[in-house]
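Following: one structure in structure tokens, then a few remarks.
Residue numbers (this note's numbering), protein chains in the order written: chain W, 11 to 124; chain F, 2 to 115.
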């Protein structure tokens with residue numbers, strides 16, 4: 011089955027700096043990779059996702075890159091703000107089927123100090 | 002924007018008692034999921050549900066657990082005889098049909114077993 015590894019577990023940056031979180035996956039058949047942001051007391055909120063037919067996707071200050079050969083994908087946040095402080099999870103599907111479960115990484119706690 | 006809603010937000014139950022966690026998925030979604038998150042850990046898949054039947058389940062989802070869609074709007078998770086180790090946040094998620102559609106999560110129910 012799928013295994014997702016996420017690094018680092020904690021990340022502290024100054025406001026305005028960039029933050030990068032990296033994930034690797036094991037199942038070469040995986041073709042969909044979402045990123046979730048979880049704030050205290052809330053459920054995971056989808057912030058960006060990427061499908062395997064593209065190598066990069068951007069949405070304002072957030073971007074995700076995918077390297078299918080190496081089986082890793084990364085979240086990039088530019089011009090970080092204090093409100094970006096949260097736990098970020100990457101995920102990959104359990105199997106290449108419609109309606110499939112997500113396997114999550116262990117999460118990265120991002121702290122942005124002003 | 003449509004949301005997944007979960008009730009109650011916090012449930013306290015004695016060990017050995019039955020508990021039912023409730024979810025209202027987004028109205029035009031047909032795939033439903035339950036995940037759990039033990040404090041400080043990653044989000045773990047429990048079960049997925051489509052077309053009135055379980056489509057996938059994890060090792061965590063043993064005979065103590067069951068899911069049901071009792072009507073056109075609710076989706077429930079029942080734990081028949083709770084154990085201390087069932088204490089966790091339980092998240093419901095839903096998604097539309099189609100390949101690689103994003104899963105949207107509720108804010109969870111915090112289950113505390115005494």
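C-beta: ideal position from N, C-alpha, C; glycine also.
Query, Result
"May I ask you to verify whether the segment 79-93 of chain F touches the segment 106-115 of chain F, counting CB pairs closer than 8 Å and requiring at least 3?", "yes"
"Answer with yes or no whether the minimum CB distance from residue 91 of chain F to chain W is below 8 Å.", "no"
"Take residue 116 of chain W as the anchor and find which of F:97, F:38, F:75 has the nearest alpha-carbon.", "F:38"
"Assuming residue 188 of chain W is part of the beta strand (DSSP E), what are its boundary residues?", "Nothing about residue 188 of chain W can be read from this structure; chain W reaches only from 11 to 124."
"Could you give the C-beta distance for residue 103 of chain F and residue 56 of chain W, rounded to a whole number, given that I count them as a contact under 8 Å?", "5 Å"
"Taking residue 113 of chain W as the query, report the chain F residues whose CB atoms sit under 8 Å from its CB, ordered along the chain.", "46"
"So, is residue 98 of chain F buried or exposed, given that buried needs 16 or more other C-beta atoms within 10 angstroms?", "exposed"
"Kindly indicate if chain W contains any beta-carbon less than 8 Å away from that of residue 63 of chain F.", "no"
"Could you check what DSSP says for residue 103 of chain W in three-state terms: helix, strand or coil?", "strand"
"The beta strand (DSSP E) that contains residue 79 of chain W, what's its start and end?", "No beta strand (DSSP E) contains residue 79 of chain W, which DSSP labels as neither H nor E."
"Mind checking whether residue 74 of chain W and residue 84 of chain W have CB atoms under 8 Å apart?", "yes"
"Closest Cβ-Cβ distance between residue 99 of chain W and chain F: below 8 Å?", "yes"
"Can residue 118 of chain W and residue 31 of chain W be called in contact, C-beta distance under 8 Å?", "yes"
"For residue 17 of chain F, which residues in chain W fall below 7 Å Cβ to Cβ?", "Those within 7 Å of residue 17 of chain F in chain W number zero; the least Cβ separation is about 28 Å."
"Pull out every residue of the segment 18-49 of chain W whose Cβ sits closer than 9 Å to any Cβ of chain F, in chain order.", "41, 42, 44, 46, 48"
"For residue 103 of chain W, tell me which candidate among W:53, W:120, W:17, W:60 has the shortest Cα-Cα distance.", "W:60"
"According to DSSP, what are the bridge partners of residue 85 of chain W?", "W:31, W:74"
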